[in-house]
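Asks:
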Amino acid sequence: LIKKTTVMGKASGLSKSRHVVCTKAGFLHLFESKFHVHPKSSVNLHTAKVMTVDDDACAIAIESDEIVQSGVTFWRGKSSKKKHMLRCAQGSVERDNWIKVMKLFATVETAASSDVFSESP
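Mapping of the sequence shown onto the numbering used here: position 4 corresponds to residue 567, and the numbering continues sequentially without gaps.
#1: Rounded to whole angstroms, what's the CA-CA distance from Glu-626 to Ser-605? Just pull it up for me.
#2: Any idea if His-601 is buried or exposed, counting beta-carbon neighbours within 10 angstroms, 16 or more meaning buried?
#3: Tell me the DSSP secondary structure of Lys-641 in three-state form.
#4: Using the three-state DSSP reduction, which class does Val-679 fall into: helix, strand or coil?
#5: Span of the beta strand (DSSP E) holding Val-606?
#6: Measure the CB-CB distance between Val-616 and Ala-622 and report whether it falls below 8 angstroms.
#7: Can you tell me the Cα-Cα spacing of Val-583 and Ser-596, whole angstroms?
#8: What's the gap between the Cα of Val-671 and the Cα of Asp-618?
Below, the structure is given as structure tokens:
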């Protein structure tokens, strides 16, 4: 375990709270709450691209070819990447801390547009 917190995830215009855990193995696990044992979904950060969001100083955009749900790995083609947008409730400092952790495993870029990321866990 490297880092954990609760963030807001965006799904079809609706925001849902998710408990997020980043492991030493380079996976980002998203849980319904901190009390759930099994993640709703997981992202392999080794195959992910992480970006800041230009119009939201608290948001992180994550794009991945691989998503794990209920223990099954789904591979997506380059044209159909799984997209997540997470919003750190504690602000931009917390977002920057998350990006530092994800940088250990993922490719990190700056300034994605938030309207590009409409899917979420």
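Glycine included, each C-beta is placed from N, C-alpha and C at the ideal position.
Replies: The answer reads as follows:
#1: Working through the sequence shown from its first residue, we reach residue 626 at position 63. Working through the sequence shown from its first residue, we reach residue 605 at position 42. In a straight line, the C-alpha of Glu-626 is about 12 angstroms away from that of Ser-605.
#2: Stepping through the sequence shown from its first residue, residue 601 is reached at position 38. His-601 comes out exposed.
#3: As a first step, residue 641 is located in the sequence shown; it is residue number 78 there, counting from the start. Below a pLDDT of 50, predicted positions are generally treated as unreliable, and Lys-641, at 48, falls in that range; the measurement from the model is reported next regardless. Here Lys-641 sits in helix by DSSP.
#4: Reading the sequence shown from its first residue, position 116 is the one you call residue 679. Its pLDDT being 46, under 50, Val-679 is placed unreliably in this model, and the coordinates cannot settle the point.
#5: Translated into the one-based positions of the sequence shown, residue 606 becomes position 43. Its beta strand (DSSP E) spans residues 604 to 607.
#6: In the sequence shown, residue 616 corresponds to position 53, counting from 1. In the sequence shown, residue 622 corresponds to position 59, counting from 1. Yes, Cβ-Cβ distance for Val-616 and Ala-622 is below 8 angstroms.
#7: Locating residue 583 in the sequence shown gives position 20, where the first residue counts as 1. Locating residue 596 in the sequence shown gives position 33, where the first residue counts as 1. Computed Cα separation, rounded: 9 angstroms.
#8: Locating residue 671 in the sequence shown gives position 108, counting from the first residue. Locating residue 618 in the sequence shown gives position 55, counting from the first residue. Between the C-alpha atoms of Val-671 and Asp-618 there is a straight-line separation of about 17 angstroms.
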